[in-house]
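Worksheet: the structure to be examined is printed underneath.
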Amino acid sequence: MRIRKSAEERKSEIVETALRLADKVGPDRLSTEAIAKAIHLTQAAIFRHFPAKQDLWEAVVARIGEKFQQRWLGIEDAEAPAPEKLQMLITSQLKLIQSTPAIPAILLSRELHAENERLRKLFHGMMERFHGLITGFIEDGEQSGHFRGDLDPRDAAFLVIGLVQGLVLRWSLSGRMFDLADEGSRLLSVQLATFGVSSEQTASPAARAPKERSSVPARSRT
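According to this note's numbering, the sequence shown holds residues 170 to 391 in order.
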């Protein structure tokens with residue numbers, strides 16, 4: 170006997186099924202027919218909840234954004250040094266990608282982007298938010314003395330994002346032959362070491378004290 174689900178429950182089921190199947194067949198080849206078959210519905214039932222395929226993809230992207238935000242919020246508010254927050258953020262991001270491997274394929278889908286300008290803007294907004302978080306952590310690390318004061322936080326944040334993107338591509342091309350989160354944590358430690366103060370500075374009590382905040386307005390984190 171089939172359990173009757175509410176409209177919201179059914180929509181959520183459709184979105185999660187789209188995420189799962191997008192990994193198997195690729196987002197550009199995923200059809201509403203395949204989604205309907207996977208959850209024992211008709212295509213007409215899918216279109217009752219999502220009148221156009223673009224509506225479904227926008228819901229999928231919104232769900233990805235929710236998954237990211239759930240992880241980011243807790244880390245942003247955590248009481249931890251800046252390097253530890255960065256490790257937590259990147260590890261969390263990579264664990265999510267590892268558990269939902271369709272995410273990078275959807276993010277990089279040229280066909281989806283070309284067909285839906287709103288979709289591209291949603292992705293871009295997520296990337297800007299991610300970059301802003303990393304930038305903020307690096308600024309905090311400079312103030313606390315964990316990172317060198319001559320770093321440009323925005324540029325350093327792009328380097329961290331580049332590490333994540335390159336690692337995810339290598340993981341995908343390798344057939345997912347290694348643990349994404351573990352490898353990311355290892356490589357980020359190497360990268361953060363290049364952001365850090367020298368051993369002489371670390372040994373200095375003055376260097377360990379938080380730097381005075383400049384009267385110049387901080388860089389925007391968005």
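Note that the Cβ used here is the ideal one computed from N, Cα and C, for glycine as well.
These numbers were taken from a predicted model, which means no experiment stands behind them.
Could you give the distance in angstroms between the alpha-carbon of residue i and the alpha-carbon of residue j?
i           : j           : result
residue 218 : residue 250 : 45 Å
residue 269 : residue 314 : 36 Å
residue 329 : residue 178 : 37 Å
residue 231 : residue 291 : 8 Å
residue 299 : residue 341 : 21 Å
residue 348 : residue 202 : 33 Å
residue 236 : residue 258 : 13 Å
residue 351 : residue 256 : 11 Å
residue 322 : residue 301 : 10 Å
residue 344 : residue 364 : 31 Å
residue 233 : residue 176 : 20 Å
Quick one: give me the first and last residue of the alpha helix (DSSP H) that residue i is part of.
i           : result
residue 315 : Counting along the chain, residue 315 falls outside any alpha helix (DSSP H), and DSSP gives it neither H nor E.
residue 201 : 201-207
Which of the three DSSP states, helix, strand or coil, is assigned to residue i?
i           : result
residue 365 : strand
residue 346 : coil
residue 173 : coil
residue 219 : coil
residue 248 : coil
residue 210 : coil
residue 331 : helix
residue 353 : helix
Who are the near neighbours of residue i in its chain, counting only those whose CB is closer than 6 Å to its CB and skipping five residues on each side?
i           : result
residue 173 : none
residue 303 : 326 and 329
In chain order, what residues of the same chain lie with their CB nearer than 8 Å to the CB of residue i, ignoring the 5 residues before and after it?
i           : result
residue 229 : 184, 187, 188, 191 and 275
residue 368 : Per-residue confidence for residue 368 stands at a pLDDT of 39, beneath the threshold of 50, marking its modelled position as unreliable; no derived number is given.
Under 7 Å Cβ to Cβ from residue i, same chain only, skipping five residues before and after it: list those, please.
i           : result
residue 205 : 211, 212, 214 and 215
residue 199 : 187, 190 and 191
residue 267 : 349 and 350
residue 273 : 266, 337 and 341
residue 389 : For residue 389, the pLDDT reaches just 43, beneath the cut-off of 50, and the residue's location in the model is therefore unreliable, leaving the point undetermined.
Those runs of the beta strand (DSSP E) which lie wholly inside the segment 270-305 and span at least 3 residues: Restricting attention to beta strand (DSSP E) runs no shorter than 3 residues, the segment 270-305 encloses none.
Inside the segment 224-268 only - alpha helix (DSSP H) runs reaching at least 4 residues: If we require 4 residues or more, the alpha helix (DSSP H) runs fully inside the segment 224-268 come out as 251-268.
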